[in-house]
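Here's the structure, in structure tokens; my notes come after.
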Amino acid sequence: MRTTRVRRLFVTAVALLTASAALPTAAAGSRSHQDQPSHGGLSAVIRYTEYGIPHILAKDDADLGFGTGWAQATDQVCTLADGFLTVRGDRSRFLGPTAATDFSLSSAGDNLSSDLYFRGVRRSGTVAKLLAEPAPLGPSRQVKDLMRGFAAGYDAWLARNRITDPACRGAAWVRPISTLDVATRYYALSVLGGQGGAVDEITGAKPPTGATAPGRSADAEALVRAVQARSGTADMGSNAVAFSGATTANGRGLLLGNPHYPWQGGRRFWQSQQTIPGELNAAGASLLGTPTIAIGYNSRVAWSHTVSTGVPFDLTRLTLDPSDPTVYLVDGRPERMTRRTVTAAVKGGAPVTRSQGWTRYGPVVADPDGDPPLPWTTTTAYASSDPNAANFRFADTSLGFGRARSTADVLASLDRHQGLPWVNTIAADSAGYTLYTQSQVLPRITDDLAARCSTDLGRITYPQAGLAVLDGSRSDCAPGSDADAVQPGIFGPSRMPTLKDAPYAENSKIMIKA
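Letter by letter, the sequence shown follows residues 2 to 515 of the working numbering.
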């Protein structure tokens, strides 16, 4: 995320006494305007009410995904197509290499950097491998069906409708999508706080040569400022407060959700109601390009999110072989970096090929002249370790919220899937209970590990900003694992700060001024 760009605040209130907040019935017999798309054995009923809000009725998850993909395309086809162009790594091919992205899916400063990163993700098979993992490490059958249906619904809309929006009318880059495209969009959202926030440093990292001019040394204070900006303390944040039955007039829970997200671009929210009779009946806001409700409510429980202060990545200092800057030492033994060679097509020019260096810890990140400077010298380099790069549990966690009947069920979904990458959760239910938790995917870096393994840089950045910079030359400095963690190297749910059934629970990341 480029914090130098102004982000408009998307302010919405989910303020309800949850037991009395009846969801409208998504019934096929409604007199409201409705659509009944179908294609390839998939179908849904979409009823539109005031302000064009779609209420999607489906018989199963695949049909619900189909209806959601169709309805999102109806409302935002050009924004969606732009995002899928990003995750396919084709921006330079159609729009040129130097144009800026909208920063909704990564921090890439231009199209070429974005393409080199996402084509690298594709080439490595990262997302495909995560999809092949059995649940809970990989997605459930329900989430796979939702993504498959979403792609089919989007494609069916493209095939049957003429685009009138001048933003992409007649554009060659508006193309059908696949389940992998939808999954890669989820993946991009998951790593926004880690790898996705260092795309230029990944794609621009180059080993030193004899002609390489020496750059600045790594700057601890600049790193602290950068981490604090990325964590939302600069120009972005959210608010949420849950009140228990002990503080409300009717004894039921009350939630005010005030998430701050852009009004425009690919990271905006999209409102809908999703219904599978007997299984799911939830309403709220989805992130564009995804088929699950991220923030919302049903007849029993409401939930919202705020950006967490937990830093979802760490840096590892590599000690390099003096004779070869692409070889690093672990316990005195050399390991060669994996060379990931990526080629991106470029509009009006020859394809561009670059190599990325990857290690057991993650990608090498380097920008000797950046802010903060991260040098790659003949003796030292840095790798970014992001546990969310192995996390495809975001969608299942959110789906569990939509099917929850209480705040206890919300917490159970968090404990079971452990898939939220960089947010807190605040919830209230119709029985009057509240929940606040910082359950997110975090590298398992304890204070003891930081004390034993921090570099000189890390001894400043960890206490001031929560960013660990660990000694990669020692295998005993790798993050450990908790017994209740579904993924190695992260904190388990029992270690996460959690507040249950308090009279009120609040998290605020920015002050609202009248």
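Think of the CB as a built atom: it goes at the ideal place given N, C-alpha and C, for glycine as much as any other residue.
Is Phe395 helix, strand or coil by DSSP? What you label residue 395 is simply residue 394 of the sequence shown in a count that begins at 1. Reduced to three states, the DSSP call for Phe395 is helix.
Rounded to the nearest angstrom, what separates Gln265 and Asp91 at their Cα positions? The residue you call residue 265 lines up with position 264 of the sequence shown. The residue you call residue 91 lines up with position 90 of the sequence shown. Going by the C-alpha atoms only, they are around 21 Å apart.
Do Val88 and Phe67 count as a contact pair if the criterion is CB distance below 8 Å? Position 66 of the sequence shown, counted from the first residue, corresponds to residue 67. Position 87 of the sequence shown, counted from the first residue, corresponds to residue 88. It is not a contact, given that the beta carbons lie outside the stated cut-off.
DSSP state of Ser31 mapped onto helix, strand, coil: Reading the sequence shown from its first residue, position 30 is the one you call residue 31. Reliability fails at Ser31, whose pLDDT of 45 lies under 50, so the model's placement of it is uncertain and no value is given.
Enumerate, from N- to C-terminal direction, the unbroken beta strand (DSSP E) stretches of 3 or more residues contained entirely within the stretch 339 to 396. 339 to 345, 353 to 360, 363 to 366, 381 to 386
Out of Ile296, Pro278, Phe104, state which residue places its alpha-carbon closest to the alpha-carbon of Gly1. Because residue 1 is not part of the residues shown, which for the chain are 2 to 515, the question remains open.
For Leu81, the three-state DSSP class (helix, strand or coil): In the sequence shown, residue 81 corresponds to position 80, counting from 1. Correct three-state label for Leu81: helix.
Rounded straight-line distance, which links the Cα of Asp116 to that of Thr435: Against the sequence shown, residue 435 aligns to sequence position 434. Against the sequence shown, residue 116 aligns to sequence position 115. Here the alpha carbon of Thr435 sits roughly 43 Å from the alpha carbon of Asp116.
Going by other Cβ atoms of all chains shown within 10 Å of its Cβ, with 16 needed for buried, is Glu51 buried or exposed? The residue labelled residue 51 in the question sits at position 50 within the sequence shown. Glu51 should be labelled exposed.
For Trp174, report the span of its beta strand (DSSP E) as first-last. Translated into positions along the sequence shown, residue 174 becomes position 173. Looking at the DSSP string, Trp174 is not in any beta strand (DSSP E), and its letter there is neither H nor E.
Under DSSP, the alpha helix (DSSP H) around Ser125 begins and ends at which residues? Residue numbering aside, residue 125 sits at position 124 when the sequence shown is read from its first letter. It spans 112 to 125 - the alpha helix (DSSP H) in which Ser125 sits, taken as one unbroken run.
Might you give, ordered along the chain, the residues of its own chain that have their beta carbon closer than 6 Å to the beta carbon of Trp158, omitting 5 neighbours on each side? The residue given as residue 158 occupies position 157 in the sequence shown. For Trp158, where only same-chain residues beyond five positions count, the Cβ hits under 6 Å are Trp71, Ala74.
Cα-Cα separation, Ala29 to Gly53: Your numbering for residue 29 matches position 28 in the sequence shown. Your numbering for residue 53 matches position 52 in the sequence shown. Because the pLDDT of Ala29 is 46, which lies under 50, any placement of that residue in the model is unreliable, and the question is left without a value.
Integer Cβ distance of Thr80 from Pro292, believed to fall under 8 Å: Along the sequence shown, read from residue 1 onward, the residue named residue 80 stands at position 79. Along the sequence shown, read from residue 1 onward, the residue named residue 292 stands at position 291. Rounded, the Cβ-Cβ distance is 16 Å, inconsistent with contact.
Within 10 Å of its beta-carbon, does Glu202 have 16 or more other beta-carbons around it, so buried, or fewer, so exposed? In the sequence shown, residue 202 corresponds to position 201, counting from 1. So Glu202 counts as buried.
DSSP three-state assignment for Gln274, whether helix, strand or coil: Position 273 of the sequence shown, counted from the first residue, corresponds to residue 274. DSSP places Gln274 in strand when its eight states are reduced to three.
Just the C-alpha distance for Ala168 and Ala160, rounded to the nearest angstrom, thanks. Mapped onto the sequence shown, residue 168 falls at position 167. Mapped onto the sequence shown, residue 160 falls at position 159. Approximately 18 Å, taken between the alpha carbons.
Just to confirm the assignment, what range does the alpha helix (DSSP H) spanning Tyr463 have? For this step, residue 463 is matched to residue 462 along the sequence shown. Taken as a continuous stretch (DSSP letters only), the alpha helix (DSSP H) holding Tyr463 covers 459 to 466.
Could you tell me which residues DSSP puts in a beta bridge with Leu321? Mapped onto the sequence shown, residue 321 falls at position 320. Answer is Tyr329.
Using a Cβ cut-off of 8 Å (strictly closer), state whether Val353 contacts chain B. Absent from the structure: chain B. Only one protein chain is present.
For Arg269, which option in Ser287, Ile277, Gly254, Gly197 has the closest C-alpha, if you only look at C-alpha atoms? Residue 269 sits at position 268 when you count from the first residue of the sequence shown. Selected option, being the one with the closest Cα: Ser287.
Would you call the CB atoms of Pro135 and Leu113 closer than 8 Å? Stepping through the sequence shown from its first residue, residue 135 is reached at position 134. Stepping through the sequence shown from its first residue, residue 113 is reached at position 112. Pro135 is not a Cβ neighbour of Leu113, given a cutoff of 8 Å.
Three-state secondary structure (DSSP) of Val302: Stepping through the sequence shown from its first residue, residue 302 is reached at position 301. Correct three-state label for Val302: strand.
Contact set for Thr234: own chain, Cβ-Cβ below 7 Å, skip 5 residues either direction: What you label residue 234 is simply residue 233 of the sequence shown in a count that begins at 1. Low confidence applies here, because Thr234 scores a pLDDT of 43, under 50, leaving its location unreliable and the question unanswered by this model.
Which of the three DSSP states, helix, strand or coil, is assigned to Pro444? On the sequence shown, position 443 is the one that residue 444 refers to. The answer is strand: DSSP assigns Pro444 an E or B state.
Is the beta carbon of Ala384 sitting closer than 8 Å to the one on Trp377? Here residue 384 refers to the residue found at position 383 of the sequence shown. Here residue 377 refers to the residue found at position 376 of the sequence shown. It is not a contact, given that the beta carbons lie outside the stated cut-off.
Along the beta strand (DSSP E) that carries Val487, what are the first and last residues, could you check? On the sequence shown, position 486 is the one that residue 487 refers to. Counting along the chain, Val487 falls outside any beta strand (DSSP E), and DSSP gives it neither H nor E.
Taking only three categories from DSSP, how would you classify Gly150? By one-based count along the sequence shown, residue 150 stands at place 149. Correct three-state label for Gly150: helix.
Could you name the residues of the same chain whose beta carbon sits closer than 7 Å to that of Ser509, not counting the 5 residues immediately before and after it, in chain order? Here residue 509 refers to the residue found at position 508 when the sequence shown is read from its first residue. Around Ser509: Asn240.
Are the Cβ atoms of Phe393 and Tyr187 separated by less than 8 Å? In the sequence shown, counting from the first residue as 1, residue 393 sits at position 392. In the sequence shown, counting from the first residue as 1, residue 187 sits at position 186. Yes; because the gap between Cβ atoms is below 8 Å, this pair is in contact.
Same chain only: Cβ atoms within 7 Å of His418, ignoring 5 sequence neighbours per side: The residue labelled residue 418 in the question sits at position 417 within the sequence shown. Excluding residues within five positions, the ones whose Cβ falls inside 7 Å are Pro137, Arg394, Asp397, Thr398, Gly401.
Does the structure place the stretch 303 to 319 close enough to the stretch 416 to 432 that three or more beta carbon pairs sit under 8 Å? yes
Check whether Gly473 and Thr317 have beta carbons under 8 Å apart: Numbered from its first residue, the sequence shown carries residue 473 at position 472. Numbered from its first residue, the sequence shown carries residue 317 at position 316. Closer than 8 Å, so yes.
Using only the alpha-carbon positions, how far apart do Gly363 and Ile178 sit? Reading the sequence shown from its first residue, position 362 is the one you call residue 363. Reading the sequence shown from its first residue, position 177 is the one you call residue 178. Their Cα atoms are separated by approximately 28 Å.
My output table needs one value for Glu222: the three-state DSSP class, helix, strand or coil. Working through the sequence shown from its first residue, we reach residue 222 at position 221. Three-state result, Glu222: helix.
Going by C-alpha to C-alpha distance, which of Pro504, Leu255, Gly459 sits closest to Glu222? Against the sequence shown, residue 222 aligns to sequence position 221. Nearest of Pro504, Leu255, Gly459 to Glu222, Cα basis: Gly459.
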